[in-house]
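One line per chain: the protein sequences are A and B, in this order. Our numbering puts the first residue of the first sequence at 1, with every later residue one more than the last. Our numbering puts the first residue of the second sequence at 1001, with every later residue one more than the last. Report on the following structure.
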Amino acid sequence: MNKPIRRLAVFCMVLFGALLINANYLQAINAENLREHPRNARQTARQFDAARGSIIVGNEQIAYSEPTGDDSAYDYQRRYKSSEEYAHLTGFYSLYNATGIESAENSMLNGSDNRLAVSNFMDTITGEEVQGASVELTINPDAQEAAFAGLRSVGKNGAAVALDPSTGAVLASASLPTYDANPLSHHDPSEVVAEYERLDEDEDKPLLDRALNQRYPPGSTFKIVTAAAALEDGATPDSTQPAPATYNMPAGGTMPNASGGACNGGDPDTLQHSIEISCNTSMGHWAVELGEDKMAQQAEAFGLDGGEMQIPLTVSESSYPRGLDDSQLAQTGIGQFDVAATPLQMAMVAGGVANGGDVMKPYLIDTVQSSDLTELETANPEVLSQAVSSSTASDLTDMMVEVTQGDEGSGKNGAISGIEVAGKTGTAETGEGPTHNWFISFAPADDPQVAVAVVIENGGGSGGELAAPVAKSIMEAVIDE
Amino acid sequence: MNAPSTGPATLPPIKRRNAELVMLLLALGISLGAFAAAGLALNERIPGGMFGYGFTFGGLAIGVHAALRFIAPYADPLILPCGIFLNGLGLSMVWRLNQGEEGEHAGVGMQLTWAAIGMVLCLLILFFLKEPRVLQRYPYITLLLAIVLLASPMTPVLGQEVLGARRWIGIGGFTLQPSEFAKIALVVFLSGYLVMKRDVLSLASKEFKVGPFKVLDLPRMRDMGPMVVAWCIAILILVGTKDLGTSLLMFGTFLAMIYAATQRSSWVIIGIVMFLAGATAAWAIFWHVQQRVTIWLDPFNPEVIDAVGGSFQLVQGLFGLAEGGVLGTGLGQGQPDTIFAADSDLILVSFGEELGLTGLMAIVVVIFLLCERGLRVALASRELFVKMMATGIAFVIAFQVFITMGGVTRLIPLTGMTTPFLSAGGSSLMASWIMLGLLLRMSDNARRPAPQAIQDEGMTQVISR
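What follows is the structure, given as structure tokens:
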């Protein structure tokens, strides 16, 4: 009977071997992942007891950890300044989870990133408390304030994004309605849960960052993409297409002009004039003339259908539809049918034109600094894609300047006295509910410092009327610096 | 020592009681050190009860050692120190986990009492059970005892369901976990029964061929009776008490022992196939089995974590282990007490967090050592019944630790079950000490010098069974 007993002994050894290997995997190899798991309350508790780094805008800390008194559950309380204006960017750092920059840059803010190892080690030796790195955002506080003030004065839900067209730095990113992150980082779990549930169940979705994560039909602002495709295809600003009052589309259906009349007295209209007055019928013709492939290529060149982006906040993918019949194709030429774009995407379109045709990769983080002021990370602007040639960009700029300055310009409300502003209005049909109202622009036209996209959700007016003034005040805030 | 210099004993008849004493003192030192370290970390002072605790526990351990010198002088010298090491660490951890709850030493006071009762039971076995083979006489009564113990939690009056599993019975304010004792009765029954039926189970066969090639020696259908009964019991436990762990432990022990008795791998293969089929059917039919599997496969899914009876406990345990890392947080400096059942089913997680991978591996290796010493006893024994019983006990300890630790480390689905010697709980500790007593007794018998011829006439006269 000894042989099977010996074999059982070996089997027991295998069992214990499996246990030991698995324990090694859990406690040594995979331990780091488990420790940083968002549901790991120990992690949270440890974080709340440590000095977490700040998030900085301009020269001000908009998120910081404040030491608490002895009677508090944890040693530090996370606080947010002007939180309603920055909540979608900073996110919140609660007992349960983290969002926004708090989540995306967690390893820097909590000091666990490998690049902080030396600094942490020195702190340990000198007996100082280990501190996380601080993250400085690219946001321009004046522009951010102007964006919120502008959106609030309209009184509807909406979003605004401003970019530095030459680098891709995000100068402002606003979304209404917003929320206050302070109650969410409270130390009392029940208060956190109650507040989160209230926000989560709110019909207006205040937790949603409309600027980066809500996709809208871009409406007439997308005509810039159609015009870009036409120019790249060999057309000139003086090339024409038929521009009747109503376009009887090839595969059935009709497309009227917003004004109700023909764009050029019934004659074919030039590309230049079609953009200035935002003519639907001619742009519909352009889209059909160019075909789905060229339209899709141009949309992709501006960044649509490029997948989610991490800036490092996640930006939803904007998309241009495929497999269209000619009527649907005509509608995409004016940013309708299934064209869907985030406000950030439309700011990238404006920014690409402003930057001589190169779309820069948007980014939110300027620098990351350790507590001893060593720079751990600095922004490194990158070209995302070359959307159009520089001559096309310059033609588009001229057309867009006419939108704010031309006699029949549709976006005169976006004009700034003494500065040339290039813009484009948009009024998107939503199928149900009032129209969304858009304005995209950049200024100054000859030396662009800022590119903006503004959308008013279900504004029910026109882009020039509702969105352009918001864009104007954001541009002014940046240029006045 | 008066050990003879000749004789055909399979192990050298050396007592090694002094070695045992040294190892015992080491084990006591470690567990008292753990107690002090936990106290220092929690209250910044050596715990007040340390003196009394040290005297009680140390006195009991040395008492057992001293008794061994007289009633089982040839017992394996490593078995007792292993038991004391594990029991001592378990006491320290249970004390540390109950610290801060009302009644400062409530947990450990009771646990120390159980340890004392366990050690007394161990001594009683050593004293009264001179020949373990007497247990062979009544296999069917033992079987009945095992079944009654297993079934008792299912009875409406005695049985108590706690958190989805019926593992307990209540008697006059105390709760008992009868499956802890049932496993010993089962091992004793199987040892007797399988020795009786060994020949027919191991020899009678028909060949299973694929074409001209022999694949397996299959047992005859009519010999499948015991296997079917064991399988039915395992499935009944699984369904009736919702206790996957006990079901797995019982059936695994049965397979190990039938293999030891017959040396036929076909029994193991048939058994595993039948168990898997039964378990799959149970999974398809019973929601609570499905939930166990979901928890095992997808514990980090937020929905599974937040579900009632979901993976929250398992995930907390995994976080605890990760928190411990390689070297641990130090005794009293982690937060294992925030996890449900940290002192019973998840006590290995508590050790993993506070002593780290290093400490956890040391503990597991000591348990492994204990069970390999048990198998060594089986190898050295002369009687078939004793061989079987030693194998069974050693395997039960090993497999139970595999199920508990495998469960909390997500190697296999988590099931509620105690870890021998370590977990808080009287039934578990008493059963552990009974098993230890049996192993000590059997090792003493196995290593005792063979009877010597009256006249020195060489080796021909010795008869041993």
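In this text, a Cβ means the ideal position worked out from N, Cα and C, and glycines have one as well.
For residue j and residue i, believed in contact at Cβ under 8 Å, the rounded distance
i: alanine 1378 of chain B; j: threonine 1391 of chain B; result: 4 Å
i: valine 1188 of chain B; j: cysteine 1122 of chain B; result: Contact flag wrong, Cβ pair sits at about 16 Å.
i: aspartate 142 of chain A; j: alanine 471 of chain A; result: In fact, because the Cβ distance is near 15 Å, the residues do not count as touching under 8 Å.
i: methionine 1154 of chain B; j: threonine 1056 of chain B; result: The pair is not a contact, with the Cβ atoms about 37 Å apart (cut-off 8 Å).
i: arginine 210 of chain A; j: serine 166 of chain A; result: No, arginine 210 of chain A and serine 166 of chain A are not in contact; Cβ-Cβ is about 26 Å, not under 8 Å.
i: threonine 397 of chain A; j: valine 353 of chain A; result: 6 Å
i: glycine 1059 of chain B; j: phenylalanine 1421 of chain B; result: Not a contact, Cβ separation roughly 18 Å.
Same chain, Cβ closer than 6 Å to residue i, neighbours up to 5 away in sequence not counted
i: threonine 427 of chain A; result: Gly219, Thr435, Asn437, Ser462 and Gly463
i: leucine 1375 of chain B; result: Ala1394
i: isoleucine 1147 of chain B; result: none
i: glutamate 1101 of chain B; result: Note that glutamate 1101 of chain B scores 47 on pLDDT, short of 50, meaning its location in the model is unreliable; the coordinates nonetheless yield the value given after this. Same-chain partners within the cutoff: there are none.
i: leucine 1176 of chain B; result: Ile1169 and Ser1427
i: proline 244 of chain A; result: Ala262 and Thr281
Residues bridged to residue i (per DSSP)
i: leucine 314 of chain A; result: The identity of residue 314 of chain A in the sequence shown is threonine, whereas the question assumes leucine. Looking at the DSSP assignment, threonine 314 of chain A forms a beta bridge with A:Gln310.
i: tyrosine 363 of chain A; result: A:Ala169
i: methionine 255 of chain A; result: A:Tyr247
i: isoleucine 1235 of chain B; result: Its beta-bridge partners do not exist; DSSP assigns none.
i: phenylalanine 439 of chain A; result: A:Thr425 and A:Val454
i: tyrosine 64 of chain A; result: A:Arg79
i: valine 57 of chain A; result: A:Glu60
i: phenylalanine 1213 of chain B; result: B:Val1210
i: serine 473 of chain A; result: For serine 473 of chain A, which the question treats as bridged, DSSP gives no partner whatsoever.
i: glutamate 136 of chain A; result: A:Ile56 and A:Thr367
i: threonine 499 of chain A; result: Chain A is shown from 1 up to 481; residue 499 of chain A falls before or after that span and cannot be answered.
i: tyrosine 93 of chain A; result: A:Ala98
Chain-ordered neighbours of residue i on chain A, where CB pairs are closer than 9 Å
i: glutamine 1263 of chain B; result: Met1, Lys3, Pro4 and Arg7
i: glycine 1425 of chain B; result: In chain order: nothing, as chain A lies at least about 21 Å away.
i: phenylalanine 1395 of chain B; result: Leu8, Phe11 and Cys12
i: glycine 1352 of chain B; result: Ala23, Leu26 and Gln27
i: glycine 1406 of chain B; result: Leu15, Ala18, Leu19 and Asn22
i: lysine 1387 of chain B; result: Met1, Asn2 and Ile5
Beta-carbon proximity list for residue i, same chain, < 8 Å, skipping 5 on both sides
i: alanine 1019 of chain B; result: Pro1077
i: glutamine 297 of chain A; result: Ala229
i: valine 1293 of chain B; result: Trp1283 and Pro1413
i: valine 450 of chain A; result: Ala143, Ala162, Leu163, Asp164, Pro165, Leu171, Phe442, Ala443, Ile474, Met475, Val478 and Ile479
i: asparagine 120 of chain A; result: Gly111 and Val130
i: histidine 1105 of chain B; result: Summary for histidine 1105 of chain B: the model assigns pLDDT 49, below 50, so the residue's position carries little reliability; its value from the coordinates is reported in the next sentence. Result list for histidine 1105 of chain B: Gly1049, Trp1095 and Asn1098, in chain order.
i: arginine 1410 of chain B; result: Trp1296, Pro1299, Leu1314 and Leu1318
Buried or exposed by the 16-neighbour rule on C-beta atoms within 10 Å, applied to residue i
i: phenylalanine 1208 of chain B; result: exposed
i: cysteine 12 of chain A; result: buried
i: glycine 335 of chain A; result: buried
i: leucine 1327 of chain B; result: exposed
i: proline 1047 of chain B; result: buried
i: glycine 1211 of chain B; result: exposed
i: glutamate 105 of chain A; result: buried
i: threonine 425 of chain A; result: buried
i: alanine 467 of chain A; result: buried
i: alanine 194 of chain A; result: exposed
i: methionine 1001 of chain B; result: With a pLDDT of 40 at methionine 1001 of chain B, under the threshold of 50, the modelled position of this residue cannot be trusted, and the question is left open.
Under 8 Å by beta carbon: chain A residues contacting residue i
i: threonine 1409 of chain B; result: Leu19, Asn22, Ala23 and Leu26
i: alanine 1398 of chain B; result: Cys12, Leu15 and Phe16
i: isoleucine 1062 of chain B; result: The contacting residues do not exist; isoleucine 1062 of chain B stays about 30 Å from chain A at best.
i: threonine 1391 of chain B; result: Ile5 and Leu8
Contact list for residue i against chain B, beta-carbon separation under 7 Å
i: leucine 34 of chain A; result: Leu1318, Phe1319 and Ala1322
i: asparagine 40 of chain A; result: Phe1319
i: cysteine 263 of chain A; result: In chain order: nothing, as chain B lies at least about 54 Å away.
Interface partners of residue i on chain B, CB under 9 Å
i: histidine 37 of chain A; result: Phe1300, Val1315, Leu1318, Phe1319 and Ala1322
i: asparagine 106 of chain A; result: Ordered by position in chain B, no residue passes the 9 Å Cβ test against asparagine 106 of chain A, which lies about 16 Å from the chain.
i: alanine 31 of chain A; result: Leu1321, Ala1322, Glu1323, Gly1324, Gly1325, Val1326 and Leu1357
Contacting residues, own chain, Cβ-Cβ under 7 Å from residue i (five flanking each side not counted)
i: serine 390 of chain A; result: Gly356 and Gly357
i: glycine 1103 of chain B; result: Its pLDDT being 45, under 50, glycine 1103 of chain B is placed unreliably in this model, and the value from its coordinates should be taken loosely. Cβ within range, chain order: n/a, list empty.
i: aspartate 1223 of chain B; result: Val1200, Leu1201 and Ala1204
Listed by chain order, chain A residues near residue i by CB distance under 7 Å
i: isoleucine 1305 of chain B; result: Arg39
i: alanine 1256 of chain B; result: Leu8
8 Å Cβ cutoff, residue i in contact with chain C
i: glycine 1083 of chain B; result: In the displayed structure, chain C is absent; the protein chains listed are A and B.
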